[in-house]
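With the sequence shown counted from 1, adding 462 to any position gets you the working numbering.
For each residue, glycine too, the CB sits at the ideal point set by N, CA and C.
For reference, the structure discussed in these notes is given below.
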Amino acid sequence: MSDTLTPVLTDNWDTERAWTLASYEERGGYAALDKAFAMAPDDVINAVKESGLRGRGGAGFPTGMKWGFIPQDNPKPKYLVVNADESEPGTCKDIPLMMASPHTLVEGVIVSSYAIRANTAFIYVRGEVLHVIRRLQRAVQEAYLAGHLGKNIHGSGYDLDLIVHAGAGAYICGEETALLEGLEGRRGQPRLRPPFPAVAGLYASPTVINNVESIASVPSIIVNGPSWFAGMGTEKSNGYGIFSLSGHVSTPGQYEAPLGITLRELIDLAGGMREGHELKFWTPGGSSTPLLTPEHLDVPLDFESVGAAGSMLGTRALQLFDETTCVVRAVLRWTEFYKHESCGKCTPCREGTWWLVQTLAKLEKGEGSEADLDLLLDQCDNILGRSFCALGDGATSPISSSIQHFRDEYLAHLTHGGCPFDPAASTAFSPVGAEA
């Protein structure tokens, strides 16, 4: 594994007006297009396969393999859809990428669309982030004016139209089939599979759906070669990624590094935990991944190692909480989010998340009994693996893992008659003049 920080996606973020076409091209932007157009589409797919790039949206499915599932003998149009509906608590890497360097994504869209023989592509963006939508729209406009999009791109004979689509703000549309429903103008709810999107996706045509960071990583693979990308990271989790640190850390933000770096190393890069405090628990991949504790500080942050530790790498949304934080309150807030964002299509998620909130809220107030912990776990067991999509599964992860690691804290609420933690103490940034 390479242990060197390798800024690639974030390399140009500190340049003046990095989001403009002129700034992007000054640093070699759009060089991947001519190199890709000189290759056969299947060779581009094979290069991505050889690189070992795995989906950066959470699941970690091999990107090149997903592209290879597109049936090229199907006479229907092929589509590329970029999932930019980033909205899980703690996940905050794609929006900074699109704000700082939208052309990185646009270039990735062009190369990826060429590989799967798509002539129309969509970037599905969360509707609330209007500033991001406007920046993307301007980047797409600049790309059209420069001849990077449209008809006969760079004289290659390849045509591509790219549409930036604003979603209606439903978290469930981060699920790829619910995203397709929203893109087609319907209510965002997951579809029954099969058929899978590769066979019958957008408008019942073969469709590839990838995360922003996955697509944005493609140009560097084409320019530098698959072995360059595969030389970073670990044996089965190749390449680099953006790690989002938030919470009780001195310098929260985006840290790009090869997969396999540890949280201990990232915390050091971020200046440590806030002064006078220690890490209590953290999420490796957003609020839908099982909690980890300080004993996992040296777990390599790759798909296999985090899985072996009992959690998931997910979107690398590292939320860090120190000893001032009430784990019960934190888990309750996340669960309220999942209850609110449930699309209501299936009973386990629609009813189950409601009951999870009721039980957690009672425990957080110090009401009920120890038997309610078993009730919580039973409720989780009736949701996990039984909901229509992964939203229900994700809602149970912080609950079951927090009871595993912090059962005594749940019981302390009962003996204390309420939450024993001062909410003001866990505020990440204290008011001016107040002590942390």
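Next on the checklist: F883 and T755 - do their beta-carbons sit closer together than 8 Å?
Outcome noted: Taking 8 Å as the Cβ cut-off, T755 and F883 do not qualify as a contacting pair.
Under the rule that 16 or more other beta-carbon atoms within 10 Å means buried, what is F868, buried or exposed? Classification for F868: buried.
query = Roughly how many angstroms separate the alpha carbons of P558 and Q599, rounded to a whole number?
reply = Taken atom to atom, the span from the alpha-carbon of P558 to that of Q599 is near 15 Å.
Other residues of its chain near T582: CB distance less than 7 Å, five sequence neighbours each side excluded = Correct list, in chain order: P539, Y541 and D623.
Q.
I'd like the list of long-range same chain contacts for G604, defined as Cβ closer than 8 Å, with 5 residues on each side in sequence excluded.
A. The identity of residue 604 in the sequence shown is Glu, whereas the question assumes Gly. In the same chain as E604, and ignoring 5 residues on each side of it, the C-beta atoms closer than 8 Å to its own belong to T482, L483 and H565, in chain order.
H627 - DSSP class collapsed to helix/strand/coil:
In this structure, H627 counts as strand in the three-state DSSP scheme.
- [ ] Decide yes or no for the touch test of the region 680 to 690 against the region 510 to 526: beta carbon pairs closer than 8 Å, at least 3 of them.
- [x] Yes, the region 680 to 690 touches the region 510 to 526.
Is it buried or exposed for I845, if we count other Cβ within 10 angstroms and need 16 for buried? I845 is classed as buried because its beta carbon has at least 16 other beta carbons within 10 Å across all chains shown.
>> Does the region 850 to 857 come into contact with the region 800 to 809, if we say contact requires no fewer than three beta-carbon pairs (one atom in each stretch) closer than 8 Å?
In response: Output reads yes: the region 800 to 809 touches the region 850 to 857.
Here's a check: name, in chain order, each residue in its chain whose Cβ is nearer than 8 Å to the Cβ of A898, leaving out the five neighbours to either side. With a pLDDT of only 41 at A898, under the threshold of 50, the placement of this residue in the model should not be trusted, and no figure is reported.
With respect to the beta strand (DSSP E) encompassing I671, which residues constitute its N-terminal and C-terminal limits?
Element bounds for I671: T669 to N673.
### Query
Rounded to a whole number of angstroms, what is the C-alpha to C-alpha distance between G530 and D505?
C-alpha of G530 to C-alpha of D505: approximately 11 Å in a straight line.
*Going by the beta-carbon positions, is the gap between Q781 and G709 smaller than 8 Å?*
The answer is yes: Cβ separation under 8 Å.
query: Can you give the Cα-Cα distance for D870 and A833, rounded to whole angstroms?
result: Here the alpha carbon of D870 sits roughly 13 Å from the alpha carbon of A833.
Q. Going by beta carbon distance, what residues of the same chain come within less than 8 Å of S464, once the five residues before and after it are set aside?
A. Reliability fails at S464, whose pLDDT of 45 lies under 50, so the model's placement of it is uncertain and no value is given.
Between the Cα of A577 and those of R597, S549 and L495, spot the shortest distance and give me the residue it belongs to. The residue from R597, S549 and L495 with its alpha-carbon nearest to that of A577 is L495.
Quiz item: Near S575, which residues of its chain fall below 7 Å by C-beta distance, leaving aside the five closest residues on each side in sequence?
Solution: Excluding the 5 residues flanking it on each side, S575 has same chain C-beta neighbours closer than 7 Å at L542, A583 and L622, in chain order.
Next item on the list: Would you mind working out which of S831, G814, V768 and F765 sits nearest G880, comparing C-alpha positions?
Entry: Cα-wise, what sits closest to G880 is S831.
P752 vs G772 beta-carbon contact at 8 Å = With respect to the 8 Å criterion, P752 and G772 are classified as neighbours on the basis of their beta carbons.
| request: For G636, name the three-state secondary structure that DSSP assigns. | output: Looking at G636 - three-state DSSP - the assignment turns out to be helix.
**Prompt:** Which residues does DSSP pair with D784 in a beta bridge?
**Reply:** Answer is L741, bridged to D784.
- Query: Between which two residues does the alpha helix (DSSP H) containing S706 stretch?
  - Reply: First-last for S706: Y702 to G709, but that is the beta strand (DSSP E), not the alpha helix (DSSP H).
- Item | Beta carbon of G650 nearer than 8 Å to that of A628 | Contact: no.
Out of curiosity, what's the CA-to-CA distance linking V573 and H875?
So the two alpha carbons sit approximately 54 Å from each other.
* Asked: When you compare only the Cα positions, how much space is there between K613 and I625?
  -> Taking the Cα positions, K613 is about 15 Å away from I625.
Ordered along the chain, which non-local residues of its own chain (more than five positions away) have a Cβ less than 6 Å from that of R848? The answer, listed in chain order, is P810.
Using 10 angstroms around the beta-carbon of R516, count the other beta-carbons present and answer buried if the total reaches 16, otherwise exposed.
Buried.
Please state whether DSSP places S543 in a helix, a strand or coil. First, the amino acid is wrong: residue 543 is Val here, not Ser. In the structure shown, V543 sits in a strand (DSSP, three-state: E or B).
Worksheet entry | 6 Å Cβ shell around G776 - same chain, five flanking residues per side excluded | Here the set comprises G520, G747, G748 and T751.
Next on the checklist: Contact between the region 803 to 823 and the region 651 to 661 is defined here as three or more beta-carbon pairs at a separation below 8 Å; is this criterion met?
Outcome noted: Enough Cβ pairs lie closer than 8 Å, so yes.
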